[in-house]
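Residue numbers (my numbering), protein chains in the order written: chain E, 1 to 114; chain U, 1 to 113.
Below, the structure is given as structure tokens:
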């Protein structure tokens, strides 16, 4: 069975400080990977997706960047946090082939920027 | 304008009752639809997908898709307190090279015991 693990579970960071959130998928070879952001009680906004190692596509610009250093790992980062970065960050995966593939989400990382 | 619109924003039903959630897309490129459920503090979990016109039933959950009107609904019969959560409709395009999934704003369901 596939498992998806996100770290850290929660962080409180200062404005202007750097951030790194991570996601690891086990039990699935070469998945598509995604980052989503969710304001408290709000909708899910897709940030990035990656279909292969080293290749990441941006969906919206939020002064964030993403990288896929390994087949099973997806990293979200920024050098300078803004108050607007607060929220719930969700990593997801889907099978790589075919249309209409379901997204499977991790348990998320909650970020509070102060 | 959001491409996937959900209604109502919130809904309260008695335990054992029927909950009905609605979703409409404004983009005819969206041909694949899902319903997700998110409990507080957790990641969303896929309830069911629906890609063809008509009904799809899984246990207490029934989804209905009308492609002509791009309307999707979710009906939950015999609602339980554990069904209390935020429900999202999600859509994706009919394109194997497209990796964008759009979510609606959500419907918050409360099942009252």
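Think of the CB as a built atom: it goes at the ideal place given N, C-alpha and C, for glycine as much as any other residue.
On a predicted model such as this, the values are computed, not experimentally measured, just so you know.
Asked	Found
Helix, strand or coil at residue 83 of chain E [DSSP, three-state]	helix
Under 7 Å between C-beta atoms of residue 32 of chain U and residue 92 of chain U	yes
Pick from U:40, U:4, U:83 that is closest to residue 47 of chain U, judged by C-alpha positions	U:83
Contacts that residue 88 of chain U makes with chain E (C-beta to C-beta distance below 9 Å)	43, 44
Residue 91 of chain U: first and last residue of the uninterrupted beta strand (DSSP E) it sits in	85–93
For residue 88 of chain E, the nearest candidate out of E:79, E:56, E:112 (CA to CA)	E:112
Residue 90 of chain E: contacting residues in chain B (beta-carbon distance under 7 Å)	Of the protein chains in this structure, namely E and U, none is chain B.
Beta-carbon gap between residue 49 of chain U and residue 34 of chain U smaller than 7 Å	yes
Contact belief for residue 35 of chain E with residue 1 of chain E at Cβ below 8 Å, rounded distance in angstroms	That pair is no contact at about 22 Å.
Residues that residue 110 of chain U bridges to, as DSSP identifies them	U:12
is_contact[residue 40 of chain E, chain U] using C-beta, thresh 7 Å	no
Boundaries of the beta strand (DSSP E) in which residue 38 of chain E is found, first to last residue	32–38
Chain U residues whose Cβ lies nearer than 7 Å to that of residue 102 of chain E	34, 46, 49
Cutoff 7 Å; reference residue 86 of chain U; Cβ partners in own chain excluding five residues on either side	38, 106, 108
According to DSSP, residues forming a beta bridge with residue 12 of chain E	E:112
Distance between residue 68 of chain U and residue 10 of chain E (C-alpha atoms, nearest Å)	43 Å
Length of the line joining the Cα atoms of residue 70 of chain U and residue 43 of chain E	20 Å
DSSP-derived helix/strand/coil call for residue 65 of chain E	strand
Beta carbon proximity, residue 63 of chain U to chain E, threshold 7 Å	no
Coarse secondary structure for residue 17 of chain E, derived from DSSP in three states	coil
Three-state class that DSSP yields for residue 50 of chain E in the structure shown	strand
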